[in-house]
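Chemist: Start counting the sequence shown at 102; every next residue gets the next number (this note's numbering).
After the structure tokens below, expect a handful of questions from me.
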Amino acid sequence: MPSNQHTRNKKQVYINLKLIDGNEELTSMIVYENQSSEEIKRLLTRKCDIMDDSLILKLRNFRGSVIPFSYQSLESNTRDEPFSLEAVKPHSTLPLDDRSIENDATYSIEDRVRGISNRISALEKAIIELPDRRHAKIEEDLKQINGENG
Numbered sequence: 102m103p104s105n106q107h108t109r110n111k112k113q114v115y116i117n118l119k120l121i122d123g124n125e126e127l128t129s130m131i132v133y134e135n136q137s138s139e140e141i142k143r144l145l146t147r148k149c150d151i152m153d154d155s156l157i158l159k160l161r162n163f164r165g166s167v168i169p170f171s172y173q174s175l176e177s178n179t180r181d182e183p184f185s186l187e188a189v190k191p192h193s194t195l196p197l198d199d200r201s202i203e204n205d206a207t208y209s210i211e212d213r214v215r216g217i218s219n220r221i222s223a224l225e226k227a228i229i230e231l232p233d234r235r236h237a238k239i240e241e242d243l244k245q246i247n248g249e250n251g
């Protein structure tokens, strides 16, 4: 590390490593202001002894929201409210806590998906009928122009 590192802004952060096998480990590290996201991610990988390059790392704040690996996102925290680092295989995730998604939110999402699906179905049906409706409208307009009553 460069010798001027001690003069830069830094934060100490606590991180709870969660592996897909259920193991957890609390650790801490110092993050410096001018470190890139990739540098922070590499430091976390080494600090937590993650050797498998195929694992996907997800960093979450104490509320459970996924946050970027950046100095700005990593606010100083305490052992009581550590960040969570999940190391998971691609296309997998750790089980969510029961309190992380309210049932009302789940139903609301299902309702929105159902509503969008119904709207798409209606549009698909309208697209099929569109040429006939357009042809009928053109004939009706031509009859009006020619003075015929429909």
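Just so it is clear, CB atoms sit at the ideal spot from N, CA and C, and this is done for glycine as well.
Keep in mind that this is a model prediction, so the values were computed, not measured.
If the criterion is Cβ atoms closer than 8 Å, does the pair L127 and L145 meet it?
Modeler: Taking the sequence shown and counting its residues from 1, one reaches residue 127 at position 26. Taking the sequence shown and counting its residues from 1, one reaches residue 145 at position 44. Not closer than 8 Å, so no.
Chemist: Within 8 Å (strictly less), CB to CB, does L160 reach chain B?
Modeler: In the structure shown, chain B does not exist; there is a single protein chain.
Chemist: Please report the distance separating the alpha-carbon of H236 from that of D242.
Modeler: For the purposes of this step, residue 236 is identified with residue 135 of the sequence shown, where counting begins at 1. For the purposes of this step, residue 242 is identified with residue 141 of the sequence shown, where counting begins at 1. Their Cα atoms are separated by approximately 10 Å.
Chemist: Pick helix, strand or coil for R200, following the three-state DSSP scheme.
Modeler: The residue labelled residue 200 in the question sits at position 99 within the sequence shown. No answer about R200 holds up, because its pLDDT of 46 lies below 50 and its placement is not dependable.
Chemist: Within the continuous beta strand (DSSP E) that includes K159, where are the two ends?
Modeler: On the sequence shown, residue 159 is found 58 positions in, with the first residue counted as 1. Counting along the chain, the beta strand (DSSP E) containing K159 begins and ends at 157–161.
Chemist: Can you check which of these residues, N124, R109, I221, is closest to I151 by C-alpha distance?
Modeler: For this step, residue 151 is matched to residue 50 along the sequence shown. Here the closest residue by C-alpha is N124.
Chemist: So, do the stretch 110–119 and the stretch 170–178 have three or more beta carbon pairs nearer to each other than 8 Å?
Modeler: At 8 Å Cβ cutoff, the stretches touch.
Chemist: Assuming the contact rule is C-beta atoms closer than 8 Å, K112 and V132 should be a hit. Round their C-beta distance to whole Å, please.
Modeler: Locating residue 112 in the sequence shown gives position 11, where the first residue counts as 1. Locating residue 132 in the sequence shown gives position 31, where the first residue counts as 1. So it is a contact: roughly 5 Å between Cβ atoms.
Chemist: On the DSSP letters alone, give me the boundaries of the alpha helix (DSSP H) that L144 sits inside.
Modeler: The residue you call residue 144 lines up with position 43 of the sequence shown. Residues 138–148.
Chemist: Anyone know if the C-beta pair for L156 and V167 falls short of 8 Å?
Modeler: The count along the sequence shown starts at 1 and reaches residue 156 at position 55. The count along the sequence shown starts at 1 and reaches residue 167 at position 66. Cβ distance not < 8 Å, so L156 and V167 don't count as in contact.
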